[in-house]
Amino acid sequence: MKRRELVKIITLATGSALAIPLSGTLLTACKRVKKENDSEYTLSYFKEKEFTFLKELLDVLLPETDSPSATDVGVHQIMDTIIGSVYTPEQQNVFMELFQALLVFTENKELTTAVGQLINSDKEADAKAKAGLLDIKQQAVAYYVSTEEIATNYLNYLPTPGAYESCISLESVNGKAWAI
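Everything in the sequence shown is counted per the working numbering, starting at 522 for the first residue and increasing by one.
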């Protein structure tokens, strides 16, 4: 066997060995339990109290309107899975520190009011809680628009995009933003 062929085979074997577990993790991260079966969901990262708070917070950030709420499409489960299985231990520690600061800030307050106060706060003492809120908000929006239900039913979705057109009217895309 020639050396080049051996190197190709070793490279393919190594790539496959690394890709299989990673693809399994990504596919499980996308799987979600229906909202009515939320009690059957197994937590990856959060404790039950924290997970309940996260669900309430997500419904304040992305409530149900003419489109489903964040928890209706499983954003809370996606966040739990991603943080639990993709974040490094250092990233998990930083996230939890900010999340705990957010929990302390909202303690004994109505959540909608507390979120509004925190967004408008410039106090140094609220910096960690505000950073935690912004982190959760960014993740929530990203995971929300990436869910199958939102992307296909509430955004323009074209699995195979066509040619790029830089200036188009909103009417030509049915008044919806593109999912991809």
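Virtual Cβ for every residue (Gly too), placed ideally from N, Cα, C.
- Just so you know, the alpha carbons of D587 and Q638 end up roughly 26 Å apart.
- The beta carbons of A622 and G653 sit closer together than 7 Å.
- In the DSSP assignment, D580 falls within the alpha helix (DSSP H) that extends over E569 to L582.
- Counting along the chain, the unbroken alpha helix (DSSP H) around L619 starts and ends at P610 to T627.
- Pairing Q660 with K644, the inter-Cα distance amounts to about 24 Å.
- For Q613 against I604, the beta-carbon gap comes to about 6 Å, under 8 Å, which counts as contact.
- Rounded to the nearest whole angstrom, the C-alpha separation of L579 and T627 is 14 Å.
- Take the alpha-carbon of I657 and the one of E526: they are about 48 Å apart.
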